[in-house]
Structures are given as structure tokens and as C-alpha cells.
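A short write-up of the structure that comes next.
Numbering (our numbering), first residue to last: -10 to 169.
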């Protein structure tokens, strides 16, 4: 295994990961060979948030948008996007998804909607990107459904909350737990 480097430059967390695996010895981009890896159960949870006007959040939660039920549309968009991650993100392997769940938590105190996606597979490579693509697509679907009343919405805080399985083992973002 190659040396360890800080993840995303955040030295305060003290998280380290192996060097980039999508580069060959000459620094050229490549798809990782997972042929010799063992099939294991893998799970990932990701989150995103959408900051919006209080009335927009009320309209979404109260199912009063002209375009229809935003949360239902966003849930389906997230699931569909997770299934197509390999087509959207270069170098991602196509993996068989066993579970994709997309859930929402309104946060009226901060005029935000929080989105969580959980993805599960039994494969030779991880499912983190599928979970992150799911929350991203769900957030964009919310934006699309509500943009007629609030074009100032901000999608932010897309992040991996946890992952398990595979050679790299467990990851848990400090001070965050997956929703039940």
C-alpha cells in the first residue's frame, strides 16, 4: 500500500487516506482494477442541505408547490441518479445496488431542508459515490420543484457521513451519525 496523505487538506480532523488510486505511476488518470478484490457488503451514507426562504420550506413540507410533491419527486430523482452514477462520474464502476434510501428532515430554525441517502451493495468497490450522487440529485430536484417561488435557494454541505466494508474499512464523520 502507498503512503498516507491528509484528506481534502483538513488536518484538524486528523483523517488520512491512501494516495489517489485513479492515477497510474506516471500520473495519468485510469480506472482502478478491482478484479482481484473480494466481494464484500458495503454501505455508505451521505448528506446535503438546501438553505431556502422560510415560506419555501413551508410550501415544500406542506405539499403546496405548483409542480407537485417535491419530496416524492426528489426521493425518486435521488434513487434514479444513484443507479446511474457510473454514467455520471468518470471512472466509477457500475455496481449492483441492493438498497438506495433517500430521506428528508426539515430544519425550520435554520430555514433548511436536510437530505440523507443510504446506499448498500455487495461488490468489489465502494458505494460512496452512489450515496453522494443520490443526495445531490435529490437536492437539485427540490430546487427545480421550488424555483418558481425561490430562486435564491442554496444547495450545500454535500458530504459523506459514513461508510463501511471493503479494504479501507470504516469511516465515520466526527459528530455526525446516520439517521435511523
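We put the CB at the ideal spot given by N, CA and C, even for glycine.
Determine the extent of the alpha helix (DSSP H) in which residue 64 is found, giving its start and end residues.
-> Annotation: the continuous alpha helix (DSSP H) that includes residue 64 extends over 59 to 72.
Could you check what DSSP says for residue 26 in three-state terms: helix, strand or coil?
-> For residue 26, the secondary structure class from DSSP, reduced to helix, strand or coil, is coil.
Test item: CB-CB of residue 153 and residue 32 under 8 Å | Contact flag set, yes.
Buried versus exposed call for residue 89 [16 or more other C-beta atoms within 10 Å across all chains shown] | Around the beta carbon of residue 89, 16 or more other beta carbons lie within 10 angstroms, which makes this residue buried.
Residue of 42, 23 and 9 minimising C-alpha distance to residue 137 = Ranking 42, 23 and 9 by Cα distance to residue 137 puts 42 first.
Around the Cβ of residue 44, are there at least 16 other Cβ atoms within 10 angstroms (buried) or fewer (exposed)?
-> Its Cβ having fewer than 16 others within 10 Å, residue 44 is exposed.
Residue nearest to residue 85 in terms of C-alpha spacing, selected from 145, 79, 94 and 109 | Comparing Cα-Cα distances from residue 85 to each of 145, 79, 94 and 109, the minimum goes to 109.
Residue from 124, 36 and 52 with nearest C-alpha to residue 74 = Per the Cα distances, 124.
In DSSP terms, what residue 95 is bridged to | In the DSSP assignment, residue 95 forms a beta bridge with 102.
Kindly provide the ranges of any alpha helix (DSSP H) runs that are 4 or more residues long and lie completely inside the stretch 97 to 169, ordered along the chain.
-> If we require 4 residues or more, the alpha helix (DSSP H) runs fully inside the stretch 97 to 169 come out as 117 to 135.
Closest Cα partner of residue 117 within the set 147, 20 and 96 = Measuring from the Cα of residue 117, the nearest candidate turns out to be 147.
Whose C-beta lies closer than 7 Å to the C-beta of residue 62 among residues of the same chain, with five residues either side of it excluded?
-> Taken in chain order, the residues that qualify are 130 and 134.
Taking DSSP as the reference, what is the three-state secondary structure of residue 38?
-> Residue state, collapsed to three classes: strand.
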